[in-house]
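A.B. asks: In my numbering, the protein residues as written are 86 to 303. Cβ atoms here follow ideal geometry from the backbone N, Cα and C, with glycine treated the same way. Once you've had a glance at the structure underneath, I'll fire off some questions.
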C-alpha cells in the first residue's frame, strides 16, 4: 500500500510539472506550441520506465526521469524568463539521444525539429564511453565544447546542471556528491560566470551548501 502511495506521489509530481510546462507552452504562437508539444511527447516516450540516478538507492525519492527535462525547461521559462523556443525544445530533448539506446539519433531530431535544435542537443549529449579514449579525455573535450557553445546552448546546460545540483543535495551517495561538487566548481561555475549572473549565483550557493553537507557527514 505504501509503495502504491509513493507511486501516486511521483505520478502527481510528473503531472504537476507537465501542467506548469503546458501552461507556458499554451501562451506561445501555434507553430512554437506544436514544436514544444512534439518535443515533450518524444521525451516522454524515450524516458518512459527510466528513473533519476541519484534517487535509485532511496525508494522514497524514486522520481521518473521525465521530471528532470521538464524541470530544466521550467528553469528556462520561469526563472530566466527565456522565450527561445529552440532552447526550450533542446532542454526537453537534451537527454533523448544519450538515453534512447540508439532509438533516436541527431539526424532523427533534425528531421523532426530542425537543424538548430538537433545541433544544440548534439552539443549537449555526452560522448558514449570508448575503450580507446580515456573517459577523462572525453569529458574534457565535452566541457570545452560546452564552454565554446552559443549562449542558448550554454543556458540549457547550466539549467540542466542547476536541476541536478538541487537534486544532488538529497542524494545518499557521498562519493557521487563529492564528484559532482568538484566537477561543478571546476567546469561549470566558470561557464556560468561567463553566461548568466543568476545561474552563476544559484550554482555557487548550491556548491557551498553541498560542501557544508559533505563536511558535516565526515
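1. Closer than 7 Å by C-beta to residue 242: which residues in its own chain qualify, once you throw out the five before and the five after it? Chain order, please.
2. Just mark residue 259 as buried or exposed, buried being the case when its beta carbon has 16 or more other beta carbons within 10 Å.
3. Grab the span of the alpha helix (DSSP H) containing residue 161 for me, first residue to last.
4. When the distance is taken between beta carbons, is residue 247 closer than 9 Å to residue 274?
5. Quick test of the definition: if touching needs 3 or more C-beta pairs under 8 Å, does the region 149-165 touch the region 188-201?
6. How would you write the range of the alpha helix (DSSP H) that residue 228 sits in, first residue to last?
7. Curious, which full-length alpha helix (DSSP H) runs of at least 4 residues does the region 184-272 contain?
8. Take the Cβ of residue 121 as the centre, count every other Cβ of all protein chains shown within 10 Å, and call the residue buried at 16 or more, exposed below.
9. Going by beta carbon distance, what residues of the same chain come within less than 6 Å of residue 291, once the five residues before and after it are set aside?
10. Which partner residues of residue 149 appear in the DSSP bridge assignment?
11. Taking the straight line between their C-alpha atoms, what separation do you get for residue 252 and residue 180?
12. With three or more beta-carbon pairs closer than 8 Å as the criterion, would you say the region 254-270 touches the region 291-303?
13. In terms of residues, what are the limits of the alpha helix (DSSP H) holding residue 113?
14. Give the C-beta separation of residue 151 and residue 129 to the nearest angstrom, bearing in mind that I take them to be a contact with Cβ-Cβ under 8 Å.
15. Residue range of the alpha helix (DSSP H) that residue 170 falls in?
16. With H, G and I counted as helix, E and B as strand and the rest as coil, what does DSSP make of residue 279?
17. In this structure, how does DSSP classify residue 123 when only helix, strand and coil are distinguished?
18. Tell me whether residue 214 is buried or exposed, calling it buried when 16 or more other Cβ atoms sit within 10 Å of its Cβ.
C.D. replies: Taking the coordinates as given:
1. The beta carbon of residue 242 is closer than 7 Å to those of 209 and 231 in its chain, skipping five residues each way along the sequence.
2. In this structure residue 259 is exposed. Its beta-carbon is surrounded by fewer than 16 other beta-carbon atoms within 10 angstroms.
3. Element bounds for residue 161: n/a, residue is neither H nor E.
4. Not a contact, by the Cβ cut-off of 9 Å.
5. Judged by Cβ distances under 8 Å, the region 149-165 makes no contact with the region 188-201, as fewer than three pairs qualify.
6. From DSSP, the alpha helix (DSSP H) with residue 228 extends over 220-232.
7. Whole alpha helix (DSSP H) segments, 4+ residues: 191-198, 200-209, 220-232, 236-253 and 259-268.
8. Counting every other CB atom within 10 Å of its CB across the protein chains shown gives residue 121 a total of 16 or more, marking it as buried.
9. Counting only Cβ-Cβ distances below 6 Å, and skipping sequence neighbours, we find 250.
10. Answer is 136, bridged to residue 149.
11. Residue 252 and residue 180 have their C-alpha atoms roughly 17 Å apart.
12. Three or more pairs of CB atoms, one per stretch, sit closer than 8 Å, so the region 254-270 contacts the region 291-303.
13. Segment: none, residue 113 is in no alpha helix (DSSP H) and carries neither H nor E.
14. That belief holds up - the Cβ atoms of residue 151 and residue 129 are roughly 6 Å apart, short of 8 Å.
15. Residue 170 -> alpha helix (DSSP H) spans 170-178.
16. Secondary structure of residue 279 (DSSP, three-state): coil.
17. Look at residue 123 here: in three-state DSSP terms it is helix.
18. Residue 214 counts as exposed, since fewer than 16 other C-beta atoms from the protein chains shown sit within 10 angstroms of its C-beta.
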